[in-house]
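Chemist: Here's a structure for you.
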Ligand code: BGC
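Numbering (mature numbering (1 follows the signal peptide of the UniProt record, and there is no 0)), first residue to last: -25 to -1, 1 to 479.
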């Protein structure tokens, strides 16, 4: 039976097709556009996502302390192509009521946002709680609830208080206790009205790009060492915050706590070549299961393949011990099962094949440990950002990968998915992307029996896109800059509200 939602989706498929027929370059493939009889479950969670540093601005107002992103982009204005920073961003600190109206206008009932750790705790430590910071989030959450929108709150979306960075950030084991202190403050202050928490957003991107490389703050560039230390203490911090909630808050607050992991999907460059198949496995195990396995597998701990590969590489490189730290037996136990749902962020897919060394790698490094060459098919659409090609089937494969490896009992919430464009006025690319990816999600639910309970589009509004700033270099044509945007509703007159079209 077709529910109203499936009719709506089919309608969108048709709308999209007719829009695309005006949009010259779009490559239309039958696979993506099959009009579906499948519908989203009645209680399916549809929402939009943002993150504090990317939208709040007010970087030094209300007693807020500095985060590593404030510090880094102030010290390195050349980091972003437009020399921008998060000082004002989307000004959500002042305009949060407007944001709530935007979400309301979209018609979604859930909003995933993050708390800025240094806005709440200016030095990072719980002995000093900012009254203004605490009030800001309280007002925001209450405003959302008044509008019948449920906030889903992330504790850490990459903006660590700078004083902790001076101590080594996630590479210093003491951070675990300080993160738990912060979580306690947040649970205490807001647990009466916030019932779904995620501890950490995309530990992999944060550690790989920020500790392994210098693509993101804090730009440590500790290839192959820092990224694993970061992973290790981040996973531990997550698990301890989870157990804090379980023990001290859940009994009366009755909420849920999870973590959001990210993954690019991989497909073998040549599906008939077994070495390419193995390359995909290696990539996923090192870049994704490194985080997922300790938390979501039945046995816990790092995957055996990852443990052996990094131990062997470390040995061959003359290290006195493995670059991948060990969890104690007690820690393995604490971490295993420490998430009430599987938060998953996904944007794109890569073709993978084996490689011993690539020009851009360092030794040691996570890339060199994985030994996988990654590229994208030039025929795949690339609506905006360079790293994001459209390959919707990869999404379904990833959802299956999670379900096959971590079971169908754990509910999956897609906490981010979306596409950047070049800031054009019409949202055809975005409509098309959501349409194709949501179709694959429906197939994963109905044909593959994946337990997916929610989907959050990235992002509600134009935001600070990390290394892209508010702009991206238009490398292909000239030195000029073009605006890039993942936004759905930031400037309502500018965008055609792709997600809105899709939902109604
Ligand atoms: C991050 C977001 C980011 C988005 C698009 C995700 O990896 O969680 O903060 O804006 O990708 O680049």
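Idealized CB from N, CA, C, for every residue including glycine.
Report the rounded CA-to-CA distance for residue 268 versus residue 220, giving the unit in angstroms.
Modeler: C-alpha separation (whole angstroms): 21 Å.
Chemist: Spatial neighbours of residue 196 within its chain, please: CB distance less than 8 Å, with the 5 preceding and 5 following residues excluded, ordered by chain position.
Modeler: Counting only Cβ-Cβ distances below 8 Å, and skipping sequence neighbours, we find 187, 188, 189.
Chemist: Any idea what DSSP makes of residue 160, helix, strand or coil?
Modeler: Three-state result, residue 160: helix.
Chemist: Between the C-alpha atoms of residue 430 and residue 143, what's the straight-line distance to the nearest angstrom?
Modeler: Roughly 34 Å between the two C-alpha positions.
Chemist: Can you name the residues that DSSP bridges to residue 391?
Modeler: Partner(s): 320.
Chemist: Taking 8 Å as the cut-off, decide whether the C-beta atoms of residue 85 and residue 20 are in contact.
Modeler: A contact, by the Cβ cut-off of 8 Å.
Chemist: Short check: CB of residue 344 to CB of residue 444, under 8 Å?
Modeler: Not closer than 8 Å, so no.
Chemist: For the candidate residues 108, 14, 102, whose alpha-carbon lies nearest to that of residue 31?
Modeler: Here the closest residue by C-alpha is 108.
Chemist: Please indicate yes or no: does the CB of residue 177 lie closer than 7 Å to some heavy atom of the ligand BGC?
Modeler: Indeed, a heavy atom of the ligand BGC lies less than 7 Å from the Cβ.
Chemist: Could you tell me whether any non-hydrogen atom of the ligand BGC is closer than 7 Å to the CB of residue 26?
Modeler: Residue 26: yes, Cβ under 7 Å from the ligand BGC.
Chemist: Using the beta-carbon count (16 or more within 10 Å), is residue 42 buried or exposed?
Modeler: Classification of residue 42: buried, given that the 10 Å Cβ count is 16 or more.
Chemist: Which of the three DSSP states, helix, strand or coil, is assigned to residue 400?
Modeler: Coil, per DSSP.
Chemist: Could you check if residue 35 is buried or exposed, using at least 16 other CB atoms within 10 Å of its CB as the buried criterion?
Modeler: Exposed, by the Cβ-count rule.
Chemist: So, with DSSP's three-state summary, where would you put residue 187?
Modeler: Reduced to three states, the DSSP call for residue 187 is helix.
Chemist: Quick one: give me the first and last residue of the alpha helix (DSSP H) that residue 138 is part of.
Modeler: That run of the alpha helix (DSSP H) goes 137 to 140.
Chemist: Taking the alpha helix (DSSP H) that residue 369 falls in, what are its first and last residues?
Modeler: Element bounds for residue 369: 367 to 381.
Chemist: Tell me whether residue 346 counts as near the ligand BGC, meaning its Cβ is closer than 7 Å to at least one heavy atom of that ligand.
Modeler: Residue 346: no, Cβ never under 7 Å from the ligand BGC.
Chemist: Use the C-beta contact count for residue 184: other C-beta atoms within 10 angstroms, 16 or more gives buried, fewer gives exposed.
Modeler: Looking at its Cβ environment, which holds 16 or more other Cβ atoms inside 10 Å, residue 184 is buried.
Chemist: Does the distance from the CB of residue 136 to the CB of residue 98 come in under 8 Å?
Modeler: A contact, by the Cβ cut-off of 8 Å.
Chemist: Candidates 237, 406, 380, 116: which alpha carbon is nearest residue 388's?
Modeler: Comparing Cα positions, the closest option is 237.
Chemist: Over what stretch of residues does the beta strand (DSSP E) that includes residue 231 continue unbroken?
Modeler: Where residue 231 is concerned, the enclosing beta strand (DSSP E) stretches over 231 to 237.
Chemist: Could you tell me whether the stretch 391 to 408 touches the stretch 329 to 348, where touching means 3 or more Cβ pairs closer than 8 Å?
Modeler: Flag = no, the stretch 391 to 408 and the stretch 329 to 348 do not touch.
Chemist: When you compare the CB positions of residue 169 and residue 208, do they come within less than 8 Å of one another, or not?
Modeler: No; because the gap between Cβ atoms is not below 8 Å, this pair is not in contact.
Chemist: Mark residue 293 as exposed unless 16 or more other C-beta atoms lie within 10 angstroms of its C-beta, in which case mark it buried.
Modeler: Exposed, since its Cβ has fewer than 16 Cβ neighbours within 10 Å.
Chemist: Locate the beta strand (DSSP E) running through residue 240, then write down its first and last residues.
Modeler: Residues 240 to 243.
Chemist: Helix, strand or coil, according to DSSP, for residue 118 in the structure here?
Modeler: Reduced to three states, the DSSP call for residue 118 is helix.
Chemist: Less than 7 Å between the CB of residue 184 and some heavy atom of the ligand BGC, yes or no?
Modeler: False, no ligand heavy atom lies under 7 Å from that Cβ.
Chemist: Which complete beta strand (DSSP E) runs does the stretch 270 to 352 hold, if anything under 3 residues is left out?
Modeler: You should have 317 to 320, 324 to 329, 347 to 350.
Chemist: Exposed or buried, what is residue 424 when buried is set at 16 or more other beta-carbons lying within 10 Å of its beta-carbon?
Modeler: By the neighbour-count rule (16 or more Cβ atoms within 10 Å), residue 424 is not buried but exposed.
Chemist: Are the Cβ atoms of residue 323 and residue 259 separated by less than 8 Å?
Modeler: Result no, Cβ atoms of residue 323 and residue 259 do not sit closer than 8 Å.
Chemist: Can you tell me whether residue 320 is buried or exposed, with buried defined as 16 or more other CB within 10 angstroms of its CB?
Modeler: Classification of residue 320: buried, given that the 10 Å Cβ count is 16 or more.
Chemist: Please say whether residue 176 and residue 133 have beta carbons closer to each other than 8 Å?
Modeler: Yes, they are a contact pair.
Chemist: Report back the beta-carbon spacing between residue 358 and residue 412 to the nearest angstrom; my notes put them in contact at under 8 Å.
Modeler: Going by Cβ atoms, the distance from residue 358 to residue 412 rounds to 13 Å, so no, they are not a contact pair.
Chemist: Residues in its own chain within less than 6 Å of residue 181 by CB, not counting five upstream and five downstream?
Modeler: Taken in chain order, the residues that qualify are 133.
Chemist: Are the stretch 106 to 120 and the stretch 86 to 96 in contact at 8 Å, needing three or more beta carbon pairs?
Modeler: Flag = yes, the stretch 106 to 120 and the stretch 86 to 96 touch.
Chemist: Secondary structure at residue 386, three-state DSSP: helix, strand or coil?
Modeler: If DSSP states are grouped into helix, strand and coil, residue 386 belongs with coil.
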